[in-house]
Amino acid sequence: MDVSSATNTRTFICTFFEDEPCGNKIPILRTRSAVVLAAVGNSFASDFQFRSRLGGLTLNFFIVEEAVLPSRSAHVDILDRCALSLAAPSTRFAIPWTSQEGLPRDRSWRSLWAITPHERLRVRCIVDAVVAHLYGLTAEDFTWVLRGCDHPLDCTRDNAFTRSLDPKGFWRVDKGQPPELRHTVLAQVALHDLQAMGLEAFLAQNNGEGWMLPETLRLSDYGLGHDDRAHTPVPVSPVLGPRFLPWQLNEDVAQSWEECRRHAENIRAIRSRFAPEPAGEAQTAGRGLPALPD
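When you line the sequence shown up against my numbering, it's residues 84 to 377, in that order.
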């Protein structure tokens, strides 16, 4: 999004897509790692740098091009998978699902889609924890980035109180939810667990599905919270409902991936039929934004 603000809920909002037309308020960054870039760009750790620098309402390219990205890692596959789950839960995106390496083929295609509030929150917290770790942030650093996000509901609903918080802070995210159910708080819990057990174990737990939202959460165990409630275990995952919808799990695994392959073939055939003639260099020079390095 070109139009943004450092005092909105979020500042840098992006997604990956294939060849689609965009208006001037949706600038394009071209890279062979678009899925990973979408995961990193939407993380709290990455967004923090944009909020710190943005003084107006437009994310000009001179701001975007100076953004710091984490170094490439052997663990970018998990970011690929998470970004696909969050941004491509549709047959429309069959091509990236068939071309992406490292996806678990022992599960049906649709069971990898993050659709329910429970699963979307879980996957987003994994992304935030992994990206913060790749940036080299400690749990204490991340808590400072997300400071003010663990206040109780009666505080976040009080305009007089919120005016005392950092105007560029992330406290607006899920401010209408109890602190134990906020994305900002659970992302901190995820990073704390990641750094306690190590990245490999964090991603390998639960038969390779990775970190799960806790059954209950006591904020004080993570140095969070500001009232007596912080010392009481509060339900989390049971309140958010199931991770999957029934139709996501009632599929034959092999048939599911075969359907994905057929969708991808049909999409490629349609694109090749209606693809415009390639333009010359003189016609295309200067369009869009510069390509990013891998």
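Yeah, the Cβ is synthetic: ideal placement off N, Cα and C, and Gly gets one too.
Since we're looking at a predicted model, the values are computed, not measured.
In whole angstroms, give me the CA-to-CA distance for residue i and residue j.
| i | j | result |
| --- | --- | --- |
| R93 | V118 | 19 angstroms |
| E101 | V210 | 22 angstroms |
| F131 | R326 | 29 angstroms |
| A222 | T181 | 36 angstroms |
| G281 | H275 | 10 angstroms |
| T141 | R246 | 24 angstroms |
| H346 | R175 | 8 angstroms |
| L195 | I353 | 26 angstroms |
| D335 | L328 | 15 angstroms |
| G124 | R356 | 33 angstroms |
| S126 | S116 | 16 angstroms |
| R255 | A358 | 43 angstroms |
| L248 | L229 | 11 angstroms |
| W192 | N242 | 45 angstroms |
| L264 | V319 | 6 angstroms |
| I96 | C105 | 15 angstroms |
| A166 | R190 | 17 angstroms |
Where does the unbroken alpha helix (DSSP H) through residue i begin, and where does it stop?
| i | result |
| --- | --- |
| A347 | 336-357 |
| F285 | 282-287 |
| N242 | 242-245 |
| R205 | 200-217 |
| W330 | 329-332 |
| V228 | 222-228 |
| G124 | 117-124 |
| T181 | 177-182 |
| Q132 | 127-136 |
| V322 | Segment: none, V322 is in no alpha helix (DSSP H) and carries neither H nor E. |
| V159 | 159-170 |
| C105 | No alpha helix (DSSP H) contains C105, which DSSP labels as neither H nor E. |
Among the residues of its own chain, which have a CB less than 8 angstroms from the CB of residue i, if the five just before and after it don't count?
| i | result |
| --- | --- |
| S154 | L217 |
| G185 | D160, D163, R164 |
Just tell me which of the options has its CA closest to the CA of residue i.
| i | options | result |
| --- | --- | --- |
| F145 | F127, L112, A170 | L112 |
| V268 | Q183, R301, L248 | R301 |
| C238 | G259, L220, D224 | G259 |
| S50 | E342, L277, A358, K251 | Residue coverage of the chain in this structure runs from 84 to 377, which leaves residue 50 outside it and unanswerable. |
| R351 | E298, A166, A177, A284 | A177 |
| E348 | A170, R205, P179 | P179 |
| L220 | W340, L152, E103 | L152 |
| E298 | A170, A287, P316 | P316 |
Determine the burial state of residue i: buried for a count of at least 16 other Cβ atoms within 10 Å of its Cβ, exposed for fewer.
| i | result |
| --- | --- |
| R134 | buried |
| Q338 | exposed |
| W227 | exposed |
| P201 | Checking the displayed sequence, the identity of residue 201 turns out to be His instead of Pro. Buried, because 16 or more other Cβ atoms sit within 10 Å of the Cβ of H201. |
| L332 | exposed |
| V214 | buried |
| H266 | buried |
| C208 | buried |
| A284 | exposed |
| A212 | buried |
Excluding sequence positions up to five away, which residues of its chain have a Cβ less than 7 angstroms from the Cβ of residue i?
| i | result |
| --- | --- |
| N289 | M295 |
| P235 | P262, H309, D310, R312 |
| Y305 | Q271, V272, H275 |
Grab me the residues of residue i's own chain with a C-beta within less than 6 angstroms of its C-beta, minus the 5 sequence neighbours each way, in chain order.
| i | result |
| --- | --- |
| S87 | T94, L142 |
| A89 | R134, L137, K251 |
| S303 | A313, H314 |
Under the criterion of a Cβ to heavy atom distance below 7 angstroms, does residue i qualify as lining the ligand NAD?
| i | result |
| --- | --- |
| V86 | Although the ligand NAD was asked about, the structure shown includes no ligands whatsoever. |
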